[in-house]
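S.K.: Heads up: the sequence shown begins at 559 in my numbering, then just goes up one per residue. For each residue, glycine too, the CB sits at the ideal point set by N, CA and C. Small disclaimer: the values here were computed from a predicted structure and weren't measured.
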Amino acid sequence: MLDTNLKTQLQAYLGKLQRPIRLIASLDASAGAAEMKELLQEVAGLSDLVSFDESGTDARKPSFVIARDGESTGVRFAAIPLGHEFTSLVLALLWTGGHPPKVEAAVIDQIKGLEGDFNFEMYMSLSCHNCPDVVQALTLMSILNPAVKATVIDGGLYQAEVEERQILAVPMVFLNGELFGSGRMLLEEIVAKLDVKSDEREAAKLNAKDPYDVLIVGGGPAGAAAAVYAARKGIRVGVAAERFGGQTNDTMAIENYISVLETDGPKFAAALEAQVRHYDVDIMNLQRADKIIPAKEAGGLVQVQMANGAVLHSRSVILSTGARWRNVNVPGEAEYKNKGVAYCPHCDGPLFKGKDVAVIGGGNSGVEAAIDLAGIVKHVTLVEFADALKADAVLVSKLKSLPNVTINVNAQTTEITGAGGKVNGMSFKDRVSGEVKHVALEGVFVQIGLVPNTEWLKGTVDLSRYGEIEIDAKGHTNVPGVFAAGDCTTVPYKQIVIAAGDGSKAALSAFDYLIRQPVVAARAEEAVAA
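1) In its own chain, which residues sit with a C-beta less than 8 Å from the C-beta of L1015, not counting the 5 before and 5 after it?
2) Which first and last residues belong to the beta strand (DSSP E) in which V795 is found?
3) Rounded to whole angstroms, what's the CA-CA distance from A625 to L819? Just pull it up for me.
4) Using a Cβ-Cβ cutoff of less than 6 Å, which residues in the same chain neighbour D757 once the five nearest sequence positions on both sides are dropped?
5) For E721, tell me which candidate among L953, I1006, Y681, F644 has the shortest Cα-Cα distance.
6) Return the chain-ordered ranges of every beta strand (DSSP E) run that is complete within the region 904 to 956 and spans a minimum of 3 residues.
7) Starting from I812, follow its DSSP beta bridges and name the residues at the other end.
8) What are the start and end residues of the alpha helix (DSSP H) that includes A602?
9) Compare the Cα-Cα distances from A583 to each of L560, L604, G632 and report the closest residue.
10) Kindly list the residues whose CB is nearer than 8 Å to the CB of T975, restricted to its own chain and excluding five residues on each side of it in sequence; keep chain order.
11) Is the separation between the beta-carbon of V941 and that of A916 shorter than 8 Å?
12) Pick out whichever of K948, L598, V1002, A1057 has its Cα sitting closest to the Cα of V886.
13) Between which two residues does the alpha helix (DSSP H) holding F644 run?
14) From S613 to A695, what does the alpha carbon distance come to, in whole angstroms?
15) Tell me whether E746 is buried or exposed, calling it buried when 16 or more other Cβ atoms sit within 10 Å of its Cβ.
16) Measure the C-alpha to C-alpha separation of A785 and G1059 and round it to an integer number of angstroms.
17) Apart from the five residues on each side of it in sequence, which residues of its chain come closer than 7 Å, Cβ to Cβ, to A762?
18) How is the alpha helix (DSSP H) around Y571 delimited, first residue to last?
19) Using C-beta distances below 7 Å, list every residue in its chain close to N703, excluding the 5 sequence neighbours before and after it, in chain order.
20) Might you give, ordered along the chain, the residues of its own chain that have their beta carbon closer than 6 Å to the beta carbon of S1062, omitting 5 neighbours on each side?
21) Quick one: what does DSSP say G1059 is sitting in, helix, strand or coil?
22) Roughly how many angstroms lie between the CA atoms of K770 and D667, to the nearest whole one?
23) Give a yes or no on whether the C-beta atoms belonging to F678 and T645 are separated by under 8 Å.
24) So is T1035 buried or exposed if we call it buried at 16+ other beta carbons inside 10 Å?
25) Assuming the contact rule is C-beta atoms closer than 8 Å, R873 and L649 should be a hit. Round their C-beta distance to whole Å, please.
26) Excluding the five sequence neighbours on either side, which residues of its own chain have a C-beta within less than 8 Å of the C-beta of A1080, listed in chain order?
27) Suppose you measure from the CA of L585 to the CA of L598; what does that come to, to the nearest Å?
28) So, are the CB atoms of Q569 and L607 less than 8 Å apart?
29) Tell me whether V1089 sits in a helix, a strand or coil according to DSSP, three-state version.
30) Assuming Y815 and I1054 are in contact, meaning their beta carbons sit under 8 Å apart, how far apart are those beta carbons, in whole angstroms?
31) Rounded to the nearest angstrom, how far is the Cβ of G880 from that of N1011, given a contact under 8 Å?
32) Quick check on A1057: buried or exposed, where buried means 16 or more other Cβ atoms within 10 Å of its Cβ?
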């Protein structure tokens, strides 16, 4: 099952185990059970500290537990964790075997201090690039705190269970039988939801921070580039971000970032954060900004008020809050979100295997989604408002060659319908004839572009009619000391490489602004002299 190269790598990792562990399988006569047994036997054969047995009695079969020697409980995989989840398997083995996780000590203490009874069930798909973060978070929590139990379930392996619980998007997490959350969640985010006093403590920590020379709001490619360029000037830099990496976390393949032939979004986001952490940058993750107060109104320093009540102060601010998927805003979209309405074909596509789905949007994202889904589902109906598909010609040609795709242009989506709590179809109007058509289907993937995350800036920073921050060629906004970069601005072409370049430019502009301020100028001279 594992090729020679993968076995060699895994054997090297297992050499880091500090104590024996058991792989306890609960198996049946299914093909999945045979495949799982083969995998576990191969893993056990790579280390004397790993043993395998079939003594498990769990109701979910096939499944297996990774447990410390002498114990029978631990993180459970109702899955064959290959694909995107192979790393999750490796980490679960190492952490159970005593290898320390690369997590801040404060977060580990917070996990160990959780009180209650937490039984997590997490549904994922092996092709989902957002799922490993959630899998690994719950895995670590279950290893660190005996009050936390975690079961990782592959929706493709447990189709009947997925149908019964009406799971139409992954990752999806249940806690003690109730829906806990869906979509990508970081470890700190999950812990914060369980620790009710975490917001208070976090706000107190932020309020105690000294003023920054440059405070960057947003941690995507623009924010990361701004942080690196600003930090290299030897000044005090902070980054407050809802999630570091921004929307790249939701991108499957990145093949057009110069010098990087090919990577995926989560890897790219991790690389961004690693480079920023290489410098003396204060990263404040899982932080959402609510309001900005210009320096002239705030007594000399720009103030950024956070959602948890904290206030950060800085001599200059770079806004790089990025954008999010645009909603189609028709009846049924909000009601059936994650119940058939989806935004990530790579994550959720496998849940619709053999079913009829629709894609709304004829740009590159929409056409790529339709091509991807066509290899999984029974049939794809693509709906585009304009009179022609806007995607690259090579993608359009590929799409038209597929036998299980129907293309509708000049089509205005009017409603997403459902019954029994999930999608059962969609309606669209032919913009030429006026005829309204209804298509029976079980999933709708919305791929119609982006909307900037700038609502919190209204009334303070000038915005375009599309909600983008208006900037000049150097990234200046209309507010002195406040700059902006990336997909949240009026700069055309929302691309990673352009956002990174604009972030660098905004940082240089911010430094140029700062060196004309007496305090920062003196500090810069001291840094040069040192």
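M.R.: Here's the rundown:
1) I850, L877, L1021, I1027
2) 795 to 799
3) 40 Å
4) If the five residues before and after D757 are omitted, its C-beta is found closer than 6 Å to the C-beta atoms of N866, all from its own chain and listed in chain order.
5) Check the Cα spacing between E721 and each of L953, I1006, Y681, F644: the tightest is with Y681.
6) 914 to 918, 937 to 941
7) T821
8) First-last of the alpha helix (DSSP H) with A602: 589 to 602.
9) G632
10) G890, V981, N982, G983, M984, S985, H996
11) yes
12) Closest option to V886, Cα to Cα, is V1002.
13) 644 to 654
14) So the two alpha carbons sit approximately 27 Å from each other.
15) buried
16) Roughly 12 Å separates the two Cα atoms.
17) none
18) That run of the alpha helix (DSSP H) goes 562 to 572.
19) I669, K670, L672
20) A783, Y787
21) helix
22) Note that residue 770 is Tyr in the sequence shown here, rather than Lys. About 28 Å.
23) no
24) A residue is called buried once 16 or more other Cβ atoms fall within 10 Å of its Cβ, and T1035 is buried on that count.
25) Between L649 and R873 the Cβ distance is about 41 Å, and since that is not below 8 Å, they are no contact.
26) Here A1080 scores only 45 on pLDDT, less than 50, and its place in the model is too uncertain to base an answer on.
27) 12 Å
28) No.
29) A question about residue 1089 goes unanswered here, because the residues of the chain that appear run from 559 up to 1088.
30) About 6 Å separates the beta carbon of Y815 from that of I1054, a gap short enough to meet the 8 Å contact definition.
31) Rounded, the Cβ-Cβ distance is 6 Å, consistent with contact.
32) Label assigned to A1057: buried.
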